[in-house]
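Visitor:
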């Protein structure tokens, strides 16, 4: 069963939608049969509303499912209500980012391109603090919470079941001085340290890479259960976009493969980072 509350809620939504589509019914038709609104059925299938075990009982009786499937779905509904560790930090984690962290915790593959800054899972505390302070949209207390969450998220790369993580960073993110040169030297040393982990691959997209897919930063998450489709994630200052359709995943996979082909090899990337570290030491 999926590990995080977010992943459980997503898996439940997927299973409920599959049951309805197998019955060739619309949300409105299911709602009418159960004396619910069609919008309630839709919210249950999109994960935008709480699903009670009693709702699962009613749906499973209507669809004629097995007892085993009914109990499995009820367990998902109960466990989806559990709060994730990151939600204990309150306003330090925006609601739209809560969803991402929950998915990230359950991912088995991780593909990320960063065009402007060092990836969050590789940032030092000092670097992350500078970025959050520059944003200026959080009180100091919430900024400190946000940084603590980011530091704790990084432990997933060191877990025994760490996801297969592949990062591509634009050279500009390495040469853009955040804080001061000493902070950047420490940050790039952390980058090399994290890249040495067995589950991590790091490539640098150099300034002279030529033409490559112009996409902006994005992350692709894959999951161990074949029933759970990949997710493409892109965020902004106040919100985020989650893309799950086959077309979106296919096109972002193609873009990532193009970036990977244009970037330096992991070995040459490490040499470039080491040379920039020396520059910052002067």
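In our numbering, the protein residues as written are 4 to 285.
The C-beta atom is built at its ideal place from N, Cα and C for all residues, glycine as well.
(1) Check residue 158 in the structure and name its three-state DSSP category.
(2) Just checking, does the segment 247-258 make contact with the segment 159-170 on the three C-beta pairs under 8 Å criterion?
(3) From 130, 56, 135 and 63, pick the residue whose C-alpha is nearest to that of residue 240; which is it?
(4) Go to residue 282, then tell me how far its beta strand (DSSP E) extends in each direction, as first and last residue.
(5) Would you check if the distance between the CB atom of residue 18 and the CB atom of residue 76 is smaller than 9 Å?
(6) For residue 226 and residue 232, what's the separation of their Cα atoms in angstroms?
(7) On a CA-only basis, which of 217, 182, 161 and 102 is nearest residue 201? Give me that one, please.
(8) From the DSSP output, in three-state form, read off residue 175 for me.
(9) Whose CA, out of 282, 50 and 220, lies closest to the CA of residue 294?
(10) Report buried or exposed for residue 113, applying the criterion of at least 16 other Cβ atoms within 10 angstroms of its Cβ.
(11) With distances taken from CA atoms, which of 118, 116, 249 and 146 is nearest residue 129?
(12) For the beta strand (DSSP E) holding residue 124, just list the boundary residues, first then last.
Guide: Reading off the structure:
(1) As a working mapping, residue 158 is identified with position 155 in the chain shown. Helix, per DSSP.
(2) no
(3) In the chain shown, residue 240 corresponds to position 237, counting from 1. When only C-alpha atoms are compared, the closest one is 135.
(4) In the chain shown, residue 282 corresponds to position 279, counting from 1. Where residue 282 is concerned, there is no enclosing beta strand (DSSP E), although the alpha helix (DSSP H) it sits in stretches over 269-284.
(5) On the chain shown, position 15 is the one that residue 18 refers to. On the chain shown, position 73 is the one that residue 76 refers to. Yes. Within cutoff.
(6) Here residue 226 refers to the residue found at position 223 when the chain shown is read from its first residue. Here residue 232 refers to the residue found at position 229 when the chain shown is read from its first residue. Each residue's alpha carbon lies about 7 Å from the other.
(7) Within the chain shown, numbered from 1, the residue matching residue 201 stands at position 198. Closest by alpha carbon: 161.
(8) Translated into positions along the chain shown, residue 175 becomes position 172. In this structure, residue 175 counts as helix in the three-state DSSP scheme.
(9) Because the chain in this structure spans residues 4 to 285, residue 294 falls outside the shown range and cannot be described.
(10) Translated into the one-based positions of the chain shown, residue 113 becomes position 110. Result: buried.
(11) By one-based count along the chain shown, residue 129 stands at place 126. Per the Cα distances, 146.
(12) The residue given as residue 124 occupies position 121 in the chain shown. Run containing residue 124: none; DSSP gives neither H nor E here.
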